[in-house]
Each structure stands twice: as C-alpha cells, then as structure tokens.
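Chemist: Its first residue numbered 22, the sequence shown is counted upward by one per residue in my numbering.
Beta carbons: idealized from backbone N, C-alpha and C, even for Gly.
Provided herewith is a single structure, encoded as structure tokens, for subsequent inquiry.
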Amino acid sequence: MMKEFLPSMPEFYDDGSCSYQPAAQPFLAAVARGIRDDLSCRAFLLAGTDFESSYARSEPPWREQWNKRDPTNTMKCPFWSNYWYEPCQTCDCRIDNSVSMEIDAIFFLRNAEGTTLALHIEMKRDLEPLSIGQAEAYRPRAACFREKRRIRKTLLAHDHFLTVLFCGKGTDLPVVEQYFDRVILHDTAKSVFPGYPN
C-alpha cells in the first residue's frame with residue numbers, strides 16, 4: 022500500500038498535535054494544502070518572481086518529498102515542516118552571531134521540463150520578530166541547499182529556489198523585503214489560501 026493512502030499520515034497536523042511551532046502550524050497547513058491542491062495558490066506564490074513563467078503549471082512532487090523526508094512515516098510533524106540541518110562551518114549559509122535556525126517549511130514544484138523549484142517558507146505571526154541573522158541567512162542557506170554543499174539525505178534535490186516570508190503587523194517590511202523573494206501579508210494570504218486562519 023502506498024504511503025499516501027495510509028490512514029494516519031502526518032500530512033498537515035494543523036489540529037495542535039504537532040509540538041513544533043503549534044501556533045504557526047494552522048497557517049503552514051493552509052499553505053501546504055494550497056500548494057498540494059490548487060494551481061492558483063502555486064501561481065500566487067510564483068507571481069512577480071523569475072520563476073513565474075517557467076513553473077506556471079508545475080506540480081508538487083508530494084509523495085516523492087514525503088518518501089525522501091519521512092520514509093518510515095514516523096515524524097511527529099508534517100514531512101514538509103521543520104527542516105533543520107547543522108549549519109555549514111565553511112560557507113555563508115549562517116550569519117555571524119545568529120543561532121542555528123530551521124526552515125519552517127519547504128515545498129517543491131516540478132515543471133514540464135523536469136526541473137524542480139524549492140519553496141523555502143518562513144512564517145511569522147503578527148508582532149513576532151525575526152531573530153538576529155534570520156532574514157539575512159535565508160537566501161544563502163537556500164543556495165547552500167540547492168548546491169548540495171554538504172550531504173542532506175532527507176532533502177529532495179532541486180535546481181532552483183524561492184524564499185517566501187509570511188508575516189503581519191509589526192514586521193519591518195522595508196528591511197525584510199530585501200532578503201526574501203516574496204513577502205506575503207497574512208491579510209493577503211487569507212484571500213488566497215483556503216482555511217488560512219484569521
């Protein structure tokens with residue numbers, strides 16, 4: 022039996038049963054469902070980026086990512102969430118004086134040409150600040166992941182990446198916009214992703 026048909030799949034866990042960032046999980050789960058099920062949600066994430074055309078009708082390799090990240094179906098949280106690997110010591114994927122940080126979620130899109138795009142998602146609730154070096158490290162770390170500067174066995178290989186921040190009130194937009202490819206306000210996300218919380 023294929024894993025995607027197992028009854029106890031930790032596919033979304035927006036019900037509070039995932040201990041990793043329980044307050045953010047309902048927001049991330051809505052984005053995950055939109056990416057998995059809705060071409061218009063995927064198009065929205067790509068809008069205005071260098072990949073808007075080349076990945077316009079792409080599909081998520083959902084089961085492939087799942088099998089790569091959680092082949093035994095034992096993770097407590099959804100397979101697309103909480104990507105964390107020890108930072109490299111010899112490249113720019115970690116900013117000085119910053120702490121080791123995970124990526125809230127990574128999703129992948131594959132286009133008709135067979136190339137794969139990684140969507141690195143950071144979720145910040147209203148008035149939740151980014152920590153020291155967090156914004157600055159996002160693109161360098163995504164590049165490090167794409168270029169396979171070190172072995173990360175549970176990360177799906179990909180050709181391109183896009184960094185996306187979801188945020189709300191209290192975020193210094195002029196500062197963060199320089200570090201992310203897309204910055205999406207919660208009010209906007211609510212009108213795009215079904216089930217996105219208030």
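At the level of alpha carbons, what is the spacing between lysine 211 and tyrosine 159?
Modeler: What you label residue 211 is simply residue 190 of the sequence shown in a count that begins at 1. What you label residue 159 is simply residue 138 of the sequence shown in a count that begins at 1. Near 24 Å, if we compare the C-alpha coordinates of tyrosine 159 and lysine 211.
Chemist: Can you tell me where the beta strand (DSSP E) holding histidine 181 begins and where it ends?
Modeler: In the sequence shown, residue 181 corresponds to position 160, counting from 1. 181-188 is the extent of the beta strand (DSSP E) around histidine 181.
Chemist: How long is the line joining the alpha carbons of arginine 84 and asparagine 94, rounded to whole angstroms?
Modeler: Position 63 of the sequence shown holds residue 84. Position 73 of the sequence shown holds residue 94. Approximately 12 Å, taken between the alpha carbons.
Chemist: Would you kindly work out how many angstroms separate the C-alpha atoms of tryptophan 87 and tyrosine 104, rounded to a whole number?
Modeler: To locate residue 87, count along the sequence shown from 1; it is residue 66. To locate residue 104, count along the sequence shown from 1; it is residue 83. For tryptophan 87 and tyrosine 104, the distance between alpha carbons rounds to 13 Å.
Chemist: Identify every residue that forms a DSSP beta bridge with leucine 138.
Modeler: Start at 1 with the first residue of the sequence shown, and residue 138 comes out as number 117. DSSP lists Leu130 and His181 as partners of leucine 138.
Chemist: In its own chain, which residues sit with a C-beta less than 8 Å from the C-beta of leucine 148, not counting the 5 before and 5 after it?
Modeler: Locating residue 148 in the sequence shown gives position 127, where the first residue counts as 1. Taken in chain order, the residues that qualify are Gly189, Lys190 and Gly191.
Chemist: Restricting to Cα atoms, I'd like to know which of Ala44, Phe48, Leu138 and Phe72 is closest to leucine 176.
Modeler: As a working mapping, residue 176 is identified with position 155 in the sequence shown. Minimum Cα distance to leucine 176 is reached at Leu138.
Chemist: Name the residue from Glu143, Pro218, Val213 and Phe201 whose alpha carbon lies nearest to the alpha carbon of threonine 70.
Modeler: As a position in the sequence shown, residue 70 is number 49, starting the count at 1. Answer by Cα proximity: Phe201.
Chemist: May I ask you to report which of helix, strand or coil DSSP gives valine 52?
Modeler: Taking the sequence shown and counting its residues from 1, the one referred to as residue 52 is at position 31. Of the three classes helix, strand and coil, the one that applies to valine 52 here is helix, per DSSP.
Chemist: If distances are taken between C-alpha atoms only, which option among Ala133, Phe100, Pro218 and Arg171 comes closest to tyrosine 106?
Modeler: Your numbering for residue 106 matches position 85 in the sequence shown. Comparing Cα-Cα distances from tyrosine 106 to each of Ala133, Phe100, Pro218 and Arg171, the minimum goes to Arg171.
Chemist: By the DSSP assignment, the beta strand (DSSP E) with valine 204 in it spans what residues?
Modeler: Numbered from 1 along the sequence shown, position 183 holds the residue referred to as residue 204. Element bounds for valine 204: 203-206.
Chemist: Round the Cβ separation of arginine 146 and alanine 44 to the nearest angstrom and send it over; I've been treating them as touching at under 8 Å.
Modeler: The residue given as residue 146 occupies position 125 in the sequence shown. The residue given as residue 44 occupies position 23 in the sequence shown. That pair is a contact at about 6 Å.
Chemist: Can you tell me the Cα-Cα spacing of threonine 209 and proline 215, whole angstroms?
Modeler: Within the sequence shown, numbered from 1, the residue matching residue 209 stands at position 188. Within the sequence shown, numbered from 1, the residue matching residue 215 stands at position 194. Roughly 12 Å separates the two Cα atoms.
Chemist: Starting from the Cα of serine 79, find the closest Cα among Leu60, Lys97, Lys89 and Leu194 and give me that residue.
Modeler: Residue numbering aside, residue 79 sits at position 58 when the sequence shown is read from its first letter. Comparing Cα-Cα distances from serine 79 to each of Leu60, Lys97, Lys89 and Leu194, the minimum goes to Leu60.
Chemist: Is tyrosine 76 helix, strand or coil by DSSP?
Modeler: As a working note, residue 76 is residue 55 in the sequence shown. Tyrosine 76 falls in the coil class under three-state DSSP.
Chemist: Applying the 10 Å Cβ sphere with the 16-neighbour rule, what's the burial state of glycine 135?
Modeler: Taking the first residue of the sequence shown as position 1, residue 135 is located at position 114. With fewer than 16 other Cβ atoms within 10 Å, it is exposed.
Chemist: With a CB to CB cut of under 6 Å and the five nearest residues on each side skipped, what residues in its chain are close to alanine 163?
Modeler: The residue you call residue 163 lines up with position 142 of the sequence shown. Same-chain partners within the cutoff: His141, Phe182 and Thr184.
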